[in-house]
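Quick note, the sequences are listed as chains S and W, same order.
Residues in the first sequence are numbered consecutively from 28, following the numbering used here.
Residues in the second sequence are numbered consecutively from 28, following the numbering used here.
Structure record follows, encoded as structure tokens.
Number of protein chains: 2
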Amino acid sequence: MPRASTTSDPFNAVAEPRRRHILELIAAEERSVGDIADALDLGQPSVSKHLQVLRDVGLVTMRRDGRRTYYRTNAETLRTIHDWSRMFAAHWRSQLRRIKSHAEEER
Amino acid sequence: MPRASTTSDPFNAVAEPRRRHILELIAAEERSVGDIADALDLGQPSVSKHLQVLRDVGLVTMRRDGRRTYYRTNAETLRTIHDWSRMFAAHWRSQLRRIKSHAEEER
DNA sequence: TTGACTTATTCCCATATGGGAATGTATAAA
DNA sequence: TTTATACATTCCCATATGGGAATAAGTCAA
Numbered sequence: 028m029p030r031a032s033t034t035s036d037p038f039n040a041v042a043e044p045r046r047r048h049i050l051e052l053i054a055a056e057e058r059s060v061g062d063i064a065d066a067l068d069l070g071q072p073s074v075s076k077h078l079q080v081l082r083d084v085g086l087v088t089m090r091r092d093g094r095r096t097y098y099r100t101n102a103e104t105l106r107t108i109h110d111w112s113r114m115f116a117a118h119w120r121s122q123l124r125r126i127k128s129h130a131e132e133e134r
Numbered sequence: 028m029p030r031a032s033t034t035s036d037p038f039n040a041v042a043e044p045r046r047r048h049i050l051e052l053i054a055a056e057e058r059s060v061g062d063i064a065d066a067l068d069l070g071q072p073s074v075s076k077h078l079q080v081l082r083d084v085g086l087v088t089m090r091r092d093g094r095r096t097y098y099r100t101n102a103e104t105l106r107t108i109h110d111w112s113r114m115f116a117a118h119w120r121s122q123l124r125r126i127k128s129h130a131e132e133e134r
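In structure tokens:
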């Protein structure tokens with residue numbers, strides 16, 4: 028069985044480097060598909076597909092205007108990831124302490 | 028071209044639900060492969076492979092003791108993910124404000 | 001209406017996965 | 001030294017990907 032579908036959750040969606048790139052690109056302001064394709068130097072179909080994935084998991088919102096479509100990052104959904112990784116904050120802090128005290132012992 | 032190798036970076040490694048599960052399980056204290064397999068109700072080979080992936084990207088450390096091997100989450104590496112998602116904090120906050128003021132207008 | 005644009009979809013294909021079974025490999029126990 | 005443990009690896013296979021080409025579909029311009 029291969030990995031769960033990429034459209035099933037934010038973690039999977041964000042596993043793709045180009046999708047992270049897109050999210051960074053349209054975090055501050057919306058951009059059209061063509062603009063994004065140019066910025067990433069990637070074919071339009073590929074970009075459209077990545078955007079579709081991001082939309083499916085709620086990582087971007089879109090707005091249609093004439094023949095173009097503008098996408099923008101929906102940061103709120105990224106909290107899922109942020110919160111999950113934050114669970115480990117306590118541990119990385121204590122691990123740092125451990126490393127430090129270990130260094131002290133070395134002296 | 029399929030998605031980049033799962034062993035290439037933390038984002039890919041963490042895209043797998045079972046691997047996230049493992050990281051949560053061994054965040055506080057190390058566990059043997061068998062224990063983990065029992066906890067996840069997954070075959071030992073599968074668990075070993077997931078652990079291998081996690082090791083390759085530095086998300087876990089291991090310690091061998093006799094015939095068993097104990098693994099433990101290396102939280103420090105999760106910072107990569109935490110820091111990346113934190114980039115968007117400013118946006119999700121401003122988006123919340125936008126939603127709130129929008130709600131006010133509705134009144 | 002016809003033609004240019006901007007996106008979305010579909011098809012095709014090489015490649016990465018993840019799980020289970022079988023097997024290899026240390027290490028501890030008898 | 002045999003045998004049982006605890007893991008790691010390998011093999012096989014069904015399935016998910018991502019990119020490019022081609023095509024569909026909707027919208028604006030002439």
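For each residue, glycine too, the CB sits at the ideal point set by N, CA and C.
Between the CA atoms of residue j and residue i - distance to the nearest angstrom
i, j, result
"L69(S)", "N39(S)", "20 angstroms"
"D62(S)", "T96(S)", "10 angstroms"
"R125(S)", "L50(W)", "19 angstroms"
"T33(W)", "A130(W)", "42 angstroms"
Reference residue i, options the options, closest by Cα
i, options, result
"G93(S)", "F115(S), A66(S), V60(S) and A116(S)", "V60(S)"
"A55(W)", "Q122(S), I126(S) and E132(S)", "Q122(S)"
"V84(S)", "A66(S), I53(S), R90(S) and T107(S)", "T107(S)"
"R46(W)", "L105(W), A116(W), R124(W) and L81(W)", "L81(W)"
"M28(S)", "M28(W), E43(W), S35(W) and T34(W)", "E43(W)"
"S35(S)", "R58(S), Q79(S) and F115(S)", "Q79(S)"
"A117(W)", "L105(S), R120(S) and D65(S)", "L105(S)"
"Y98(W)", "F115(W), R30(W) and K76(W)", "K76(W)"
"L86(W)", "I53(S), F115(S), N101(S) and A31(S)", "F115(S)"
"E57(W)", "S112(W), P72(W), E103(W) and T88(W)", "T88(W)"
Where the alpha helix (DSSP H) containing residue i begins and where it ends
i, result
"V60(W)", "V60 to L67"
"V80(W)", "Q71 to D83"
"R46(S)", "P44 to L52"
Chain S contact residues for residue i, given Cβ-Cβ distances below 7 angstroms
i, result
"I108(W)", "I108 and S112"
Partner residues on chain S for residue i, Cβ-Cβ distance less than 8 angstroms
i, result
"T100(W)", "F115 and H118"
Closer than 8 angstroms at the beta carbon, the chain W residues around residue i
i, result
"Q122(S)", "N101, A102 and E103"
N- and C-terminal bounds of the beta strand (DSSP E) containing residue i
i, result
"D110(S)", "Premise fails: D110(S) lies in the alpha helix (DSSP H), R106 to R113, not in any beta strand (DSSP E)."
"M89(S)", "V87 to D92"
"T96(S)", "R95 to T100"
Under 7 angstroms from the C-beta of residue i: neighbouring residues of chain W
i, result
"R31(S)", "Per the sequence presented here, residue 31(S) reads as Ala, with Arg not at that position. Going along chain W in sequence order, the residues near A31(S) (Cβ under 7 angstroms) are P44."
Next on the checklist: Along the segment 37-71 of chain S, where does the CB come closer than 8 angstroms to a CB of chain W? Name the residues.
Outcome noted: F38, N39, V41, A42, E43, P44, R47, L50, E51, A54 and A55
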